[in-house]
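As numbered in the working numbering, residues 56 to 374 make up the sequence shown, in order.
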Amino acid sequence: EFLQAFWDIEEAQVEAIQHLASFVRDQSEFLFPTALPYLRSVTSLIAVAMKTHADSLKLQVAGCSLLLEIFSQALEQDVVMTLDEKVTGSLIDTVRKHSENEELLSLLCTLLMMISADEVAVENLRKVGVIPDLLSILRNFLHNEQICLSCCGVLWSLAVSESNVDQALLKSAVPVASAVLQEHLQNGRVSESACSALWALSLQGCLTENEYEYTTGLLLDALRMNPERPVLVKNACLALASLLRLSELSALRFVTDSKGSGINVIRDACHLHLDDVEVVGNICMLMNEVVQYDDVVLDMLSQKMEELLSEIKRRFPSR
């Protein structure tokens, strides 16, 4: 009621939003799911406040922080929260209005990643044309781990969704996602997100022939640097399988990479995750693409992969 009554007074709006954020933090265990309809109306009021006071950085930060708090608490409680098209549009307007403010963009991108888990939200993001904004943010803030993690997460959601996303826009995301992975190879969480994005983009046929070989090497680097991360291994193997299915150049790079054969990389990853059926399944999918090339099969034999494959078959007879 206070937000609605004093909608035109910036400081009043900021104080009300900050008070609500404190309340949500303190009372989270009692809010879900009973207060869900109320919280949904609150998100609309926040969007109105952010749109009304678009130039106020303080209000934008407060509004984003409150929305993040609501969505974070909802996720913890396994409650599905969605934002309608107007609220999503307001968030993208804020992204464009404050495109140089790193702190605010970090909050906004984290929020966009959270909401992009919902198919309706993904469709709303597509409608407002978010991809060029994401790519611009990534180019400008390639050093920022949270921004890179979040934007790649949103790109993944857009690429795997059933929404009619412009193929040309998705293709333009490939070099940017590759740049993120190259920049953050030693950061497991960011690399994981970038590998997911590259897998989704490869699945949609967004990579060009000139990108196959380089991307193959980059994915192998990610596996070398982060072999202990099961989600990264799964997604990198899926992306590599997609690339090897498309291109002999990728297969050649896979076995002749200057840092060592990809066979060694996936063998080591498989030994690490031999009890994880999903990881092993994706590695088997990759190896199924690998054996389509005679030269690669010879490399597999020289690396004694038969023993590993026998062990996999023993553990998982259905694989």
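Using N, Cα and C, we set each Cβ at its ideal position, and we do this for glycine too.
Checklist entry - Can you tell which of Asn290, Ala71, Ser96 and Asn219 has the C-alpha that lies nearest to the C-alpha of Leu253? => result Counted from its first residue, the sequence shown places residue 253 at position 198. It is Asn290.
* Asked: Using the C-alpha atoms, what's the distance from Lys113 back to Glu70?
  -> The count along the sequence shown starts at 1 and reaches residue 70 at position 15. The count along the sequence shown starts at 1 and reaches residue 113 at position 58. Glu70 and Lys113: Cα-Cα distance of roughly 10 Å.
From which residue to which residue does the alpha helix (DSSP H) around Gly243 run?
Along the sequence shown, read from residue 1 onward, the residue named residue 243 stands at position 188. Where Gly243 is concerned, the enclosing alpha helix (DSSP H) starts and stops at Gly243 to Leu258.
* Asked: What's the gap between the Cα of Leu258 and the Cα of Ala176?
  -> Along the sequence shown, one-based indexing puts residue 258 at 203. Along the sequence shown, one-based indexing puts residue 176 at 121. Going by the C-alpha atoms only, they are around 22 Å apart.
Phe371 (DSSP reduced to helix, strand or coil):
Residue mapping note: residue 371 aligns to position 316 of the sequence shown, counting from 1. Residue state, collapsed to three classes: coil.
message: Are the CB atoms of His328 and Val288 within a distance shorter than 8 Å?
response: In the sequence shown, the residue the question calls residue 288 occupies position 233. In the sequence shown, the residue the question calls residue 328 occupies position 273. Contact flag set, yes.
### Task
Entirely within the region 183-229 and at least 4 residues each: give me those alpha helix (DSSP H) ranges in chain order.
Qualifying alpha helix (DSSP H) stretches, in chain order: 186-195 and 200-215.
query: Taking the C-alpha atoms as reference points, what is the distance between Arg168 and Gln347?
result: Counted from its first residue, the sequence shown places residue 168 at position 113. Counted from its first residue, the sequence shown places residue 347 at position 292. In the sequence as presented, Arg is not what sits at residue 168; that position holds Met. Met168 and Gln347 have their C-alpha atoms spaced approximately 37 Å apart.
Q: With DSSP as the reference, label Glu283 as helix, strand or coil.
A: Looking up residue 283 in the sequence shown gives position 228. It is coil, neither helix nor strand.
Asn319 versus Ala294: straight-line alpha-carbon distance, rounded: Residue mapping note: residue 319 aligns to position 264 of the sequence shown, counting from 1. Residue mapping note: residue 294 aligns to position 239 of the sequence shown, counting from 1. Straight-line Cα distance between these residues: approximately 17 Å.
Inset, instruction - Output the distance between the C-alpha atoms of Glu131 and Val116, rounded to the nearest integer angstrom. - result: Here the question's residue 131 lines up with position 76 in the sequence shown. Here the question's residue 116 lines up with position 61 in the sequence shown. Taking the straight line from one Cα to the other gives about 22 Å.
| message | Since Cys378 and Lys226 should fall inside the 8 Å C-beta cutoff, what is the C-beta to C-beta distance between them, to a whole number of angstroms? | response | The shown model of the chain, from 56 to 374, leaves out residue 378, and the question about it has no answer.
Neighbourhood of Ala277 by C-beta, 8 Å cutoff - its chain only, sequence neighbours within 5 removed: As a first step, residue 277 must be located in the sequence shown, where it is residue number 222. Counting only Cβ-Cβ distances below 8 Å, and skipping sequence neighbours, we find Leu236, Leu240, Ser246, Ala249, Cys250, Leu287 and Ala291.
Quiz item: For the putative contact between Ala109 and Lys152, defined by C-beta atoms under 8 Å, what is the C-beta separation to the nearest angstrom?
Solution: Working through the sequence shown from its first residue, we reach residue 109 at position 54. Working through the sequence shown from its first residue, we reach residue 152 at position 97. Yes, they are in contact, since the Cβ atoms of Ala109 and Lys152 sit about 5 Å apart, within 8 Å.
If we count the other Cβ atoms within 10 Å of its Cβ and call it buried at 16 or more, is Ala223 buried or exposed? Translated into positions along the sequence shown, residue 223 becomes position 168. Label assigned to Ala223: exposed.
Subject >> Glu158 classed as buried or exposed, judged by whether at least 16 other C-beta atoms fall within 10 angstroms >> reply: Looking up residue 158 in the sequence shown gives position 103. With a threshold of 16 other beta carbon atoms within 10 Å, Glu158 falls short and is exposed.
Contact belief for Ser145 with Ala102 at Cβ below 8 Å, rounded distance in angstroms: In the sequence shown, the residue the question calls residue 145 occupies position 90. In the sequence shown, the residue the question calls residue 102 occupies position 47. Going by Cβ atoms, the distance from Ser145 to Ala102 rounds to 4 Å, so yes, they are a contact pair.
| task | In angstroms with no decimal places, state the Cα-to-Cα distance between Glu333 and Leu353. | result | The residue given as residue 333 occupies position 278 in the sequence shown. The residue given as residue 353 occupies position 298 in the sequence shown. Near 26 Å, if we compare the C-alpha coordinates of Leu353 and Glu333.
Taking the runs of the alpha helix (DSSP H) that are 4 residues or longer, which of them lie wholly in the region 258-326? Runs found: 264-280, 285-301 and 303-311.
Here's the rule: buried if 16 or more other CB atoms are within 10 angstroms of the residue's CB, otherwise exposed. What is Glu303?
As a first step, residue 303 must be located in the sequence shown, where it is residue number 248. In the assembly as shown, Glu303 is an exposed residue. Its beta-carbon has fewer than 16 other beta-carbons within 10 Å.
Item to check | Phe148 (DSSP reduced to helix, strand or coil) | outcome: Start at 1 with the first residue of the sequence shown, and residue 148 comes out as number 93. It is Asp, not Phe, that sits at residue 148 in the sequence shown. Taken through DSSP and simplified to helix, strand or coil, Asp148 comes out as helix.
Item to complete: Return helix, strand or coil for Ala172, following the three-state DSSP convention.
Response: One-based indexing of the sequence shown puts residue 172 at position 117. Coil, per DSSP.
Check: For Lys136, which three-state DSSP category applies?
Finding: Position 81 of the sequence shown holds residue 136. Going by the sequence as given, residue 136 is Met instead of Lys. DSSP places Met136 in coil when its eight states are reduced to three.
Starting from the Cα of Ser111, find the closest Cα among Val135, Thr137 and Val150 and give me that residue.
Here residue 111 refers to the residue found at position 56 when the sequence shown is read from its first residue. If we check each option's Cα against that of Ser111, Val150 comes out closest.
Q) Ala232 by DSSP, collapsed to three states: which one? A) Position 177 of the sequence shown, counted from the start, is the residue given in the question as residue 232. Helix at Ala232.
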